[in-house]
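Here it is in structure tokens:
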């Protein structure tokens, strides 16, 4: 097995259930994956700790990170900026750990540009109506906000083919299994096991006949 | 999910345990995979049925199949020829079934040329000495035959990088799980789900805002 970990990006439509899949994935396979921690300019909420939920940074510090290319991707929502610190991700990957980034679609495509070997997974509900039903079912958003999110999903769907894998989230437990399968399979690619192949090729040389 | 099945090729060194993996895979996931049935010029053994273990063919019939390009790959061992009938494989794949071909390395590479989308899995033991131990442990072959097989493995190892996935068969149950993961993950590739993506893109259009 190669020693470097994988960079896995999980994104998808708002309401597709990617957060729930992530939560169950981490519970079902403890220690197997590491969540990337984002940097943000947003103020910590009660109970949140720097370096656990987020790396909390001032606007100035965040802007410096951007200038120094310390962020793999970043975006701004409602005046707060969020970004993925490159050093944290690279440190984990170099330690052989698989890192999962749960980020928006634009950010996902930025990451793929920097790391073409990153695995991009897109989570979608079985149908567009399911997506609407889930957003309505949450009961936390106004009709207008829901309409806005669905319109964003319509736009975002144009980028789905830029992803490597599609997870149709029909059944939660099955989706968790599927995401786990996709990530583990990646480790078995011959391209990721060049060292193992070289080793057995060399070992077998003693059995060669002239 | 796309409707076409996958062509999966399982090969590896003699003694690596691919036959055992196959047997356990078919038992663990009944109905999920279909084994390709080879055509052969070898005479049926007691209890063997035409179309179950093999398609039994005369030398003349076999040669006609070769001439008509009806075989995906073929090889001759000890005067008997063995080959994979193209029509049988294509029929299963068109019915949406995943077909597994357990064939030799040269045949595997022939199949990949015809179907670049075929999944090639290579099974190897953890070390070259494990391979020797397993062949010796079987107790069915002479020392000379074992030396010959190991020499063939040394040659075959040069083709490992032509495969898509590497399965290091250390623990049988784990290898069966790994092979299952690799095959199922392939179904989630976006490139294999173009229809599903087109459908949701079209469905989402009704939520677009002008």
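Residue numbers (our numbering), protein chains in the order written: chain A, 5 to 214; chain B, 5 to 214.
All residues carry an ideal CB built from backbone N, CA and C; glycine is no exception.
Using the Cα positions of residue 139 of chain A and residue 12 of chain A, report the straight-line distance between them to the nearest angstrom.
Position 135 of the first chain holds residue 139 of chain A. Position 8 of the first chain holds residue 12 of chain A. Between residue 139 of chain A and residue 12 of chain A, the C-alpha separation is close to 26 Å.
At what residues does the alpha helix (DSSP H) containing residue 188 of chain A begin and finish?
Locating residue 188 of chain A in the first chain gives position 184, counting from the first residue. Taken as a continuous stretch (DSSP letters only), the alpha helix (DSSP H) holding residue 188 of chain A covers 176–190.
Looking only at its chain, what residues have a beta carbon closer than 7 Å to the beta carbon of residue 130 of chain B, apart from the 5 residues adjacent to it on each side?
Taking the second chain and counting its residues from 1, the one referred to as residue 130 of chain B is at position 126. Answer for residue 130 of chain B: 172 and 174, listed in chain order.
Between the C-alpha atoms of residue 199 of chain A and residue 209 of chain A, what's the straight-line distance to the nearest angstrom?
As a first step, residue 199 of chain A must be located in the first chain, where it is residue number 195. As a first step, residue 209 of chain A must be located in the first chain, where it is residue number 205. The alpha-carbon atoms of residue 199 of chain A and residue 209 of chain A are separated by roughly 16 Å.
What would DSSP say about residue 108 of chain A, mapped onto helix, strand or coil?
Translated into positions along the first chain, residue 108 of chain A becomes position 104. Coil, per DSSP.
Alpha carbon to alpha carbon, how far is residue 211 of chain B from residue 151 of chain A?
To locate residue 211 of chain B, count along the second chain from 1; it is residue 207. To locate residue 151 of chain A, count along the first chain from 1; it is residue 147. The straight-line gap from Cα to Cα measures roughly 7 Å.
Residues of chain A with a CB under 9 Å from the CB of residue 84 of chain B: which are they?
As a working mapping, residue 84 of chain B is identified with position 80 in the second chain. Near residue 84 of chain B there are no residues of chain A at all, since even the closest Cβ is about 24 Å away, more than 9 Å.
Would residue 213 of chain A pass as an interface residue toward chain B - the criterion being a Cβ-Cβ separation below 8 Å?
Numbered from 1 along the first chain, position 209 holds the residue referred to as residue 213 of chain A. It does; some Cβ of chain B falls within 8 Å.
Where residue 28 of chain A sits in the DSSP three-state scheme
Counting from 1 along the first chain, the entry for residue 28 of chain A is found at position 24. In the structure shown, residue 28 of chain A sits in a helix (DSSP, three-state: H, G or I).
What does the alpha-carbon distance come out to for the pair residue 25 of chain A and residue 176 of chain A?
Here residue 25 of chain A refers to the residue found at position 21 when the first chain is read from its first residue. Here residue 176 of chain A refers to the residue found at position 172 when the first chain is read from its first residue. When rounded, the distance between both Cα atoms is 7 Å.
At least one CB of chain A closer than 8 Å to the CB of residue 215 of chain B: is that the case?
Since the displayed chain B opens at 5 and closes at 214, residue 215 of chain B lies outside it and no answer follows.
Per-residue DSSP class, three states only, for residue 155 of chain A
Indexing the first chain from 1 puts residue 155 of chain A at position 151. Reduced to three states, the DSSP call for residue 155 of chain A is helix.
Taking 8 Å as the CB-CB limit, is residue 173 of chain A close to chain B?
For the purposes of this step, residue 173 of chain A is taken as the residue at position 169 of the first chain. Answer no: the Cβ-Cβ gap between residue 173 of chain A and chain B never drops below 8 Å.
Give every residue of the same chain whose Cβ lies closer than 7 Å to the Cβ of residue 133 of chain B, excluding the five residues on either side of it in the sequence, and list them in chain order.
In the second chain, residue 133 of chain B corresponds to position 129, counting from 1. Hits under 7 Å: none found.
Could one say the Cβ of residue 229 of chain B lies closer than 8 Å to chain A's Cβ atoms, at least one of them?
The shown model of chain B, from 5 to 214, leaves out residue 229 of chain B, and the question about it has no answer.
Let me know the secondary structure DSSP gives residue 204 of chain A once reduced to three states.
On the first chain, residue 204 of chain A is found 200 positions in, with the first residue counted as 1. Correct three-state label for residue 204 of chain A: helix.
What residue range is occupied by the uninterrupted beta strand (DSSP E) comprising residue 16 of chain A?
By one-based count along the first chain, residue 16 of chain A stands at place 12. Its beta strand (DSSP E) spans residues 11–16.
When the Cα atoms are used, what is the spatial distance from residue 115 of chain A to residue 18 of chain B?
Mapped onto the first chain, residue 115 of chain A falls at position 111. Mapped onto the second chain, residue 18 of chain B falls at position 14. A straight-line Cα-Cα distance of about 42 Å links residue 115 of chain A and residue 18 of chain B.
To the nearest angstrom, how far is it from the Cα of residue 154 of chain B to the Cα of residue 15 of chain B?
Counting from 1 along the second chain, the entry for residue 154 of chain B is found at position 150. Counting from 1 along the second chain, the entry for residue 15 of chain B is found at position 11. Cα-Cα distance, rounded: 15 Å.
I need the straight-line Cα distance from residue 113 of chain B to residue 30 of chain A, nearest angstrom please.
If you number the second chain from 1, residue 113 of chain B lands on position 109. If you number the first chain from 1, residue 30 of chain A lands on position 26. For residue 113 of chain B and residue 30 of chain A, the distance between alpha carbons rounds to 38 Å.
Separation of residue 194 of chain A from residue 65 of chain A, as counted between CA atoms:
In the first chain, the residue the question calls residue 65 of chain A occupies position 61. In the first chain, the residue the question calls residue 194 of chain A occupies position 190. Rounded to whole angstroms, residue 65 of chain A to residue 194 of chain A spans 41 Å at the Cα level.
Out of B/34, B/170, B/69 and B/67, state which residue places its alpha-carbon closest to the alpha-carbon of residue 101 of chain B.
Here the question's residue 101 of chain B lines up with position 97 in the second chain. Nearest option by C-alpha distance: B/34.
Tell me the rounded alpha-carbon separation between residue 60 of chain A and residue 136 of chain B.
In the first chain, the residue the question calls residue 60 of chain A occupies position 56. In the second chain, the residue the question calls residue 136 of chain B occupies position 132. Looking at the two C-alpha atoms, the distance is approximately 57 Å.
Under 9 Å by beta carbon: chain A residues contacting residue 121 of chain B
Walking along the second chain from the start, residue 121 of chain B turns up at place 117. What residue 121 of chain B touches in chain A, judged by beta-carbon distance under 9 Å, is nothing: the nearest beta carbon there is about 15 Å away.
Roughly how many angstroms lie between the CA atoms of residue 5 of chain B and residue 127 of chain A, to the nearest whole one?
In the second chain, the residue the question calls residue 5 of chain B occupies position 1. In the first chain, the residue the question calls residue 127 of chain A occupies position 123. For residue 5 of chain B, the pLDDT reaches just 47, beneath the cut-off of 50, and the residue's location in the model is therefore unreliable, although a value from the coordinates is still provided. Their Cα atoms are separated by approximately 14 Å.
Residues of chain B with CB under 7 Å from residue 128 of chain A, in chain order?
Walking along the first chain from the start, residue 128 of chain A turns up at place 124. Within chain B, the residues near residue 128 of chain A are 204.
For residue 85 of chain B, list the residues DSSP reports as bridge partners.
Locating residue 85 of chain B in the second chain gives position 81, where the first residue counts as 1. Answer by DSSP bridge pairing, in chain order: B/80.
Whole angstroms are fine: how far does the CA of residue 73 of chain A sit from the CA of residue 67 of chain A?
The residue labelled residue 67 of chain A in the question sits at position 63 within the first chain. The residue labelled residue 73 of chain A in the question sits at position 69 within the first chain. Whole-angstrom Cα-Cα distance: 10 Å.
Span separating the alpha-carbon of residue 57 of chain B from that of residue 149 of chain B:
Position 53 of the second chain holds residue 57 of chain B. Position 145 of the second chain holds residue 149 of chain B. Computed Cα separation, rounded: 26 Å.
Classify residue 91 of chain A as buried or exposed, calling it buried when 16 or more other Cβ atoms lie within 10 Å of its own Cβ.
Position 87 of the first chain holds residue 91 of chain A. By the 10 Å Cβ count, residue 91 of chain A comes out exposed.
From what residue to what residue does the beta strand (DSSP E) around residue 37 of chain A run?
As a working note, residue 37 of chain A is residue 33 in the first chain. Start and end: 37–39.
Beta carbon proximity, residue 161 of chain B to chain A, threshold 8 Å
Numbered from 1 along the second chain, position 157 holds the residue referred to as residue 161 of chain B. Yes, contact with chain A.
Starting from residue 158 of chain A, find everything on chain B with Cβ-Cβ shorter than 7 Å and list it in chain order.
Here residue 158 of chain A corresponds to residue number 154 of the first chain, with the count starting at 1. Chain B residues near residue 158 of chain A: 208, 209, 211 and 212.
I'd like to confirm the pairing. Which residues does DSSP put opposite residue 44 of chain A in its beta bridges?
For the purposes of this step, residue 44 of chain A is taken as the residue at position 40 of the first chain. According to DSSP, which records beta bridges pairwise, residue 44 of chain A is partnered with A/60 and A/86.
Which one of B/103, B/196 and B/62 has the shortest CA to CA distance from residue 93 of chain B?
Taking the first residue of the second chain as position 1, residue 93 of chain B is located at position 89. Taking only the C-alpha atoms, the option nearest residue 93 of chain B is B/103.
So which of B/27, B/181 and B/107 has the shortest CA-CA distance to residue 89 of chain B?
For the purposes of this step, residue 89 of chain B is taken as residue 85 along the second chain, with counting starting at 1. In terms of CA proximity to residue 89 of chain B, B/107 leads the group B/27, B/181 and B/107.
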